[in-house]
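S.K.: First, the structure itself, so that you have it in front of you.
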Amino acid sequence: MYSSLTQPTSEQNSDQSNSGTWMGITRAGKVAVLTNYRESTSDAAIGQQSRGAIVNSWLTRSKGDGGADADATKTYVEEMVASPTARSVGGFSLVCGYVNEPLAIVSNRSSTMDQITWIAEKKGQTKGLSNTVFDDRSWPKILDGERLVGEALKKHVEEGEGEKELIERLLDVLNTNSLPELKGDATAEDYLPYFRQSIFIPLIGTRDKTGSKFPAAAAEILEPGSTPSVCAEGHSNGVALDPAIVKEANPGNDVIDQSYLHGPYGTQKQTIILVTKEGRVRYFERTLYDQEAKAVPIGHGDRSFEFQVAR
1 MYSSLTQPTS EQNSDQSNSG TWMGITRAGK VAVLTNYRES TSDAAIGQQS RGAIVNSWLT
61 RSKGDGGADA DATKTYVEEM VASPTARSVG GFSLVCGYVN EPLAIVSNRS STMDQITWIA
121 EKKGQTKGLS NTVFDDRSWP KILDGERLVG EALKKHVEEG EGEKELIERL LDVLNTNSLP
181 ELKGDATAED YLPYFRQSIF IPLIGTRDKT GSKFPAAAAE ILEPGSTPSV CAEGHSNGVA
241 LDPAIVKEAN PGNDVIDQSY LHGPYGTQKQ TIILVTKEGR VRYFERTLYD QEAKAVPIGH
301 GDRSFEFQVA R
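Each residue of the sequence shown is one higher than the one before, counting from 1 in the UniProt record's numbering.
Following this line, the structure appears as structure tokens:
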């Protein structure tokens, strides 16, 4: 496992205790993405335990647990649904499985396997997930993300472009800003009801008198994946960690940090993961703002990693 000094920083928050993470992909081809729910109370959002280790519980699961790839995913999901631990944390949706295989979407609000959704069962699918249940189609950013990713892939194929051009097209999707502009000195708290509308969140607020920074490491601290994690034929966007090649998340505490509503807030990082049908993974991350909430010139904060899935 590489250290955070040499590998990409990602969205982190209080749920990343015990070296947890919101998203990861391993050399064995395991992939997992977790988004939390926008809960009505702080207690519901936090729960009794951290969600930080949920993703790692799949990524680090023994190869022998569950047999074949599809069976291993199903076995894990069955255990997740029945797990008392999953019900002691705040609400979340977890996407998990193996690249180029069907992926399961399981929620700790599910009570039976009948409530588990399977995606990527066929080619040409584009699915969005944000900080609500998977079948909630009321969030404009999810619908926009699915549509725009689909259009980007279509144009990419029609133009016969390479990987670099595809990444640029997907970055354009991630830069889609449909957030209404509020008058006066509106804070992130004022904008909170509107975050579900926009894929990109421009920088809101400034450093206050205490010199506040981006809390923990990223914008959207209580909304990991608030830019929809859109999967389309092996392509996805969202923040990624790989316990095999990327970084160990920093430990934290299960205390909601409301400071993100009062200091600078916005999309700090953009990440694209591409997976070919042959199993080659390309991880691309762009940093827009540093920890001091200072703009990073486009391209100066870019990082790119590649590896081959060993399966």
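Yeah, the Cβ is synthetic: ideal placement off N, Cα and C, and Gly gets one too.
(1) Measuring CA to CA, which of Tyr265, Arg169, His156 and Gly279 is closest to Asp190?
(2) Measure the Cβ-Cβ separation of Val77 and Val55 and say whether it is below 8 Å.
(3) Tyr289 bridges to which residues according to DSSP?
(4) Excluding the 5 residues preceding and the 5 following Gly29 in the sequence, name in chain order all residues of the same chain whose CB lies nearer than 6 Å to its CB.
(5) Less than 8 Å between the beta carbons of Ile142 and Gly128, yes or no?
(6) Grouping DSSP H, G and I as helix and E and B as strand, with all else coil, what is Leu34?
(7) Determine, using beta carbons only, whether Gln308 comes closer than 8 Å to chain D.
(8) List in chain order: all unbroken alpha helix (DSSP H) runs of 4+ residues lying wholly within the region 120-197.
(9) Would you kindly report the start and end of the unbroken beta strand (DSSP E) that includes Val106?
(10) Express the C-alpha separation of Leu171 and Leu59 in angstroms, rounding to a whole number.
(11) Can you tell which of Glu151, Arg109, Leu179 and Gly145 has its C-alpha closest to the C-alpha of Val133?
(12) In angstroms, rounded to a whole number, what distance separates the CA positions of Asp302 and Glu165?
(13) Look up Lys87 in the DSSP assignment and say whether it is helix, strand or coil.
(14) Which residue's Cα is closest to the Cα of Ser198: Thr187, Gly205, Leu174 and Asp69?
(15) Do Ile167 and Ile272 have their C-beta atoms within less than 8 Å of each other?
(16) Below 8 Å CB to CB, which residues in the same chain sit around Glu181 once its five sequence neighbours on both sides are set aside?
(17) Helix, strand or coil for Lys269 per DSSP?
(18) Indicate whether Arg286 and Glu163 have their beta-carbon atoms separated by less than 8 Å.
(19) Assuming Ile25 is part of the beta strand (DSSP E), what are its boundary residues?
(20) When burial is assigned at 16 or more other CB atoms within 10 Å of the CB, is His300 buried or exposed?
(21) Spell out the partners DSSP gives Ser304 in its beta bridges.
(22) Counting C-beta neighbours from all protein chains within 10 Å, is the total for Gln115 16 or more, i.e. buried, or is it exposed?
(23) If you drop the 5 nearest sequence neighbours on each side, which residues of the same chain put their C-beta closer than 7 Å to that of Ile298?
(24) How many angstroms separate the CA atom of Ala188 from the CA atom of Thr176?
(25) Would you kindly check if the distance between the Cβ of Asp144 and the Cβ of Ser178 is under 8 Å?
(26) Helix, strand or coil: how does DSSP classify Ser62 here?
(27) Spatial neighbours of Thr117 within its chain, please: C-beta separation below 6 Å, excluding the five flanking residues on both sides.
(28) To the nearest angstrom, report how far apart Thr85 and Ser57 are at their CA atoms.
(29) Buried or exposed for Val149, please, with buried defined as at least 16 other CB atoms from any protein chain shown within 10 angstroms of its CB.
(30) On the DSSP bridge list, what partners appear for Ile204?
(31) Enumerate in chain order the residues of its own chain whose CB-to-CB distance from Tyr289 is below 8 Å, with the five nearest sequence positions on each side excluded.
(32) From Ala72, Lys123 and Glu79, pick the residue whose C-alpha is nearest to that of Thr276; which is it?
(33) For the beta strand (DSSP E) containing Val99, list its first residue and its last residue.
M.R.: The structure says:
(1) Tyr265
(2) no
(3) DSSP lists Ala295 as partners of Tyr289.
(4) Tyr98, Val99, Val309 and Arg311
(5) Judged by beta-carbon spacing, Gly128 lies within the 8 Å limit of Ile142, meaning their Cβ atoms are closer than that value.
(6) strand
(7) As a matter of chain content, chain D is missing from the structure shown, which is built from one protein chain.
(8) 140-158, 163-174 and 188-191
(9) Leu103 to Ser107
(10) The alpha-carbon separation between Leu59 and Leu171 amounts to approximately 27 Å.
(11) Arg109
(12) 15 Å
(13) The sequence given here has Arg at residue 87, not Lys. Arg87: helix per DSSP, three-state reduction.
(14) Leu174
(15) yes
(16) none
(17) It is a strand residue.
(18) Contact annotation: Arg286 and Glu163 have beta-carbon atoms that are not nearer than 8 Å.
(19) Met23 to Ile25
(20) exposed
(21) Phe284
(22) exposed
(23) none
(24) About 18 Å.
(25) Cβ atoms of Ser178 and Asp144: closer than 8 Å.
(26) Looking at Ser62 - three-state DSSP - the assignment turns out to be coil, as it is neither helix nor strand.
(27) Ile105 and Phe134
(28) Taking the straight line from one Cα to the other gives about 12 Å.
(29) buried
(30) Tyr265
(31) Only Leu203, Phe214, Ala219, Pro264, Gly266, Gln268, Ala295 and Val296 meet the Cβ criterion.
(32) Proximity to Thr276 across Ala72, Lys123 and Glu79 peaks at Lys123, based on C-alpha coordinates.
(33) No beta strand (DSSP E) holds Val99; DSSP gives it neither H nor E.
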